[in-house]
Amino acid sequence: MRKVDTLITGGAVVTMNAKRDVFSPGAVAIKDGKIVAVGPEERVQQLVECENVVDVSGKLVIPGFVNAHTHVPMTLLRGLADDLRLDVWLLGYMMPVEREFVSPDFVDVGTRLGCAEMLLSGVTTFNDMYYYEEDVAKATADVGMRAVLGQTVLKFPSPDAASYEESLELCRGFIERWHDHELITPAIAPHAPYTTTDDILTDVRDLALETDSPIHIHLSETALEVSDAKRDFGAPPIEYVDRLGLTEAKLIAAHCVHIEPHEIKLLAGVSAGVAHNPSSNLKLASGFAPVVEMREAGIPVGIGTDGPASNNDLDMFEEARLASFLPKAVKADPTALPAQDVFAMMTIEGAKALHMEQEIGSLEVGKLADIVVVDQDAPHATPRFHLTPNNVYSHLVYAAHASDVRHVWVHGRQLLRDRELLTVDLPAVQARAREIAEKINDFMTQREGSLLVKTIAIGGFEQRETFEVQVKVRADDLQGVEKRLQELDMEVIKHSVRQQFDTYFLFGGRDNRYLRYREDNQLVGQEGAGPAGLTVKPSYTLILMEGIVEREYQDSIILSRSRYTATATYSLRFYREYFNPDQEVEVVKWRTRYRVNYEGDEFAINLDNITRPQGLGSFVEIKARTWSASDAEKKAGLISRLLRELGLNPANGVRAEYVQLAEQAAI
Ligand SMILES: [Zn+2]
């Protein structure tokens with residue numbers, strides 16, 4: 076008789092082996108972290124000898140669940156910002172807060188909290204993507220859970236790296252240090268095609284192949300991502316990363332909600348796993364992943380919770396139920412994804428999606444001892460039937476709750492005993508989590524109260540102090556002004572015609588600043604080629620306007636200051652949802668713009684014909700940059716002269732901005 080470390084007896088053992096054997100009563104014997112015997116209780120008892128016998132009569136013994144995609148430290152951002160679109164949620168809330176708060180201490184607390192929650196819902200392995208993955212690894216190994224941990228790589232600075240080269244170096248070091256750990260599989264996690272570049276993904280592939288590490292990436296999560304990818308890369312995301320060779324490595328693709336039929340074939344033909352995240356896809360309204368089609372094609376599909384900020388929990392039972400119900404409803408077919416298939420996705424197929432099916436995912440001799448015992452005596456688990464082999468799976472997927480998880484072993488070590496966490500000091504972890512949340516709370520309260528802080532938070536803004544001397548005059552005859560302008564003895568440096576669509580965000584009493592989003596369509600073409608020879612060159616900018624008048628001169632000429640400008644890299648819709656203005660005002664105009672050299676100084680002359688709101692009229696603006704009080708004084712004098720030479724009446728001067736004129740017109 077062989078001596079073993081632990082013998083689990085009395086329960087119904089749901090093996091998830093190829094034959095889907097269920098032994099009731101069955102037994103599992105563990106030695107040195109591995110399963111050394113599994114089968115009918117009587118037979119196993121004849122084979123082994125053990126001092127540590129755990130009797131689980133009346134309960135189910137199952138393989139530990141594989142959470143195929145998550146961002147565990149985001150437990151600390153749970154409930155921070157909800158009911159938002161993915162881009163606003165991610166780029167407007169999660170990433171700015173992460174840049175401010177994520178640290179080794181943050182991920183340590185968040186990981187321990189997440190591990191506690193996952194153990195209590197029967198998870199033994201998770202696939203993570205986050206920052207400071209070294210510290211995630213230390214905490215995970217300390218708790219004793221198994222994980223594939225992906226160090227994030229991004230094209231912009233992240234909380235743990237100033238550049239992508241730096242994050243790749245972090246990946247390399249992380250892989251070297253954790254390569255042989257019995258619980259941790261280090262991985263490389265380029266966040267997504269839209270947050271990386273060709274070069275980054277190529278370097279990631281090379282490192283993954285060199286070190287035999289998995290690549291964990293978000294792919295085809297939203298319809299917008301796919302249409303943007305087609306525009307920017309000339310291919311949908313999965314085809315694009317295949318072209319860059321990522322599919323040569325052990326690829327783990329999170330989401331694949333909007334995967335196209337030819338991409339399903341593509342993934343089925345390579346060594347790739349998919350992580351399906353039903354809660355996250357539903358909550359962010361990303362769509363319904365074609366799970367049935369992917370599985371039919373032969374792609375292993377695991378189930379993931381995604382990060383607890385987009386779920387908002389790490390409960391695999393809830394995910395399993397949703398994973399089963401979704402395709403049934405979408406296809407109007409209750410047979411679409413049966414309970415047994417979903418249970419496979421939670422265990423052996425999830426393991427395969429992570430390229431770990433040789434080690435975990437089923438209760439078989441030689442596999443690692445990642446085992447969960449589930450109670451069957453709660454009201455919602457009563458009664459039980461044994462008519463078909465499927466009864467047990469329908470119990471587990473449709474009726475069981477996380478609260479039914481009684482014991483958990485990972486690598487043969489018991490981490491949960493009678494629902495008591497043996498390796499996490501939960502009250503201490505919770506206290507640390509609450510402390511961090513308090514700080515985030517203060518930060519967000521301040522940010523939401525200040526348009527300036529909120530604007531800077533999304534990045535890309537240049538704090539550029541610009542002083543301008545300027546005047547705006549009503550002019551009914553723009554053609555006449557333009558004719559005179561051309562007759563004047565001054566050098567025209569540049570001349571352009573553009574149609575500008577301006578959207579102003581106003582914030583009522585909340586802030587005296589306002590934002591202007593401008594779509595500027597410049598007509599580009601050869602002079603005299605006619606409209607057919609012209610093309611439109613659009614550009615987008617966002618300006619935080621402060622409306623501060625520093626000084627006033629004669630003829631309604633003012634010295635003004637503006638500070639923050641940015642190339643608007645996100646859509647108008649994004650800014651609208653992110654800033655949530657009290658009021659929006661639209662101004663559309665044709666602008667003929669001259670940049671001239673007048674008396675040795677440079678001026679911009681804008682001939683503006685406002686087409687929306689209607690009836691606002693036409694105006695001439697003259698502007699010059701300035702940098703000193705005496706320079707401003709001199710330029711104000713030159714503008715005064717220029718006004719008269721252009722035949723404009725200074726008495727028609729207007730102090731208000733176009734947005735204010737448009738607002739007045741609306742009243
Ligand atoms: Zn994710």
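For the sequence shown, this note's numbering gives the first residue as 76, with consecutive numbering after it.
In this text, a Cβ means the ideal position worked out from N, Cα and C, and glycines have one as well.
Could you check whether residue j and residue i sit closer than 8 angstroms to each other, using their CB atoms as the reference points?
i: Val-211; j: Val-147; result: yes
i: Ile-423; j: Glu-432; result: yes
i: His-144; j: Pro-289; result: no
i: Glu-208; j: Phe-181; result: no
i: Val-544; j: Leu-718; result: no
i: Ser-361; j: Glu-393; result: no
i: Arg-700; j: Leu-682; result: no
i: Ser-469; j: Ala-414; result: yes
i: Glu-175; j: Phe-518; result: yes
i: Pro-464; j: Val-97; result: yes
i: Gln-597; j: Arg-573; result: yes
i: Ala-262; j: His-291; result: yes
i: Arg-153; j: Asn-387; result: yes
i: Val-548; j: Asn-727; result: yes
i: Glu-385; j: Lys-406; result: It should be pointed out that residue 385 corresponds to Ser in this sequence rather than to Glu. For Ser-385 and Lys-406, no; Cβs fall outside 8 angstroms.
i: Gly-382; j: Ala-329; result: no
i: Met-420; j: Gly-197; result: no
i: Leu-135; j: Val-449; result: yes
i: Pro-234; j: Tyr-269; result: no
i: Ala-350; j: Ile-327; result: yes
i: Gly-222; j: Val-499; result: The sequence shown places Ala at residue 222, rather than the Gly named in the question. Contact flag unset, no.
i: Leu-319; j: Val-367; result: no
i: Gln-451; j: Gly-133; result: yes
i: Ala-707; j: Arg-626; result: yes
i: Asp-203; j: Gly-225; result: yes
i: Lys-558; j: Phe-654; result: no
i: Arg-280; j: Glu-244; result: no
i: Ile-685; j: Gly-692; result: yes
Am I right that residue i and residue j are in contact with their C-beta atoms under 8 angstroms? What's the rounded C-beta distance?
i: Ile-137; j: Leu-471; result: 7 angstroms
i: Lys-427; j: Gly-441; result: At roughly 16 angstroms, the Cβ-Cβ gap does not stay under 8 angstroms, so Lys-427 and Gly-441 are not in contact.
i: Val-163; j: Glu-652; result: 5 angstroms
i: Glu-124; j: Met-76; result: 4 angstroms
i: Leu-18; j: Leu-496; result: Lying outside 76 to 742, the shown extent of the chain, residue 18 is not represented and no answer is given.
i: Ser-571; j: Arg-668; result: 5 angstroms
i: Glu-621; j: Arg-588; result: 5 angstroms
i: Asp-479; j: Ala-453; result: 6 angstroms
i: Val-660; j: Arg-687; result: With a Cβ gap of about 10 angstroms, Val-660 and Arg-687 do not count as contacting.
Could you tell me which residues DSSP puts in a beta bridge with residue i?
i: Arg-746; result: Residue coverage of the chain in this structure runs from 76 to 742, which leaves residue 746 outside it and unanswerable.
i: Ile-575; result: Reading the sequence as shown, one finds Gln at residue 575 and not Ile. According to DSSP, Gln-575 bridges with Asp-595, Lys-664.
i: Gln-226; result: Tyr-205, Ile-263
i: Tyr-669; result: His-570, Ile-680
i: Ile-633; result: Gln-545, Glu-627
i: Ile-531; result: None, per the DSSP bridge assignment.
i: Pro-613; result: Asn-596
i: Tyr-315; result: Beta-bridge pairing links Tyr-315 to no other residue.
i: Ser-233; result: Ala-236
i: Pro-138; result: Ile-446
i: Glu-659; result: Phe-580
i: Gln-378; result: The residue you asked about is not Gln; residue 378 is Ile in the sequence shown. DSSP, once it has assigned bridges, lists His-351 as partnering Ile-378.
i: Arg-559; result: For Arg-559, which the question treats as bridged, DSSP gives no partner whatsoever.
i: Ile-618; result: Arg-591, Thr-640
Determine contact between the segment 161-178 and the segment 472-492, defined as no fewer than three beta-carbon pairs at a distance below 8 angstroms. no
Across the segment 590-598 and the segment 643-650, are there enough close Cβ pairs to call them in contact, namely three or more that are closer than 8 angstroms? Contact holds: three or more Cβ-Cβ distances are below 8 angstroms.
Does the segment 103-121 come close enough to the segment 79-90 that 3 or more CB-CB pairs lie under 8 angstroms? yes
Of all the alpha helix (DSSP H) runs that stay within the bounds of the segment 78-134, which reach a length of 4 or more residues? 116-122
Could you tell me which uninterrupted beta strand (DSSP E) segments, each at least 3 residues in length, are contained entirely in the segment 447-517, listed from first to last along the chain? 480-485, 488-492
Which ranges does the alpha helix (DSSP H) cover as unbroken runs of at least 4 residues, wholly within the segment 253-313, from first to last along the chain? If we require 4 residues or more, the alpha helix (DSSP H) runs fully inside the segment 253-313 come out as 273-286, 298-308.
Sufficient close CB pairs (3 or more, under 8 angstroms) joining the segment 175-190 to the segment 499-507: yes
Can we say the segment 562-573 touches the segment 726-733, given the rule of at least three CB pairs closer than 8 angstroms? Too few Cβ pairs lie closer than 8 angstroms, so no.
Should the segment 320-340 be called in touch with the segment 292-300, which here means at least 3 C-beta pairs below 8 angstroms? yes
Contact between the segment 624-641 and the segment 574-581: three or more CB pairs below 8 angstroms? no
Quick one: complete alpha helix (DSSP H) runs, 4+ long, within the segment 366-434? Those alpha helix (DSSP H) runs which fall completely within the segment 366-434 and span 4+ residues are 366-371, 391-406, 414-421, 423-428.
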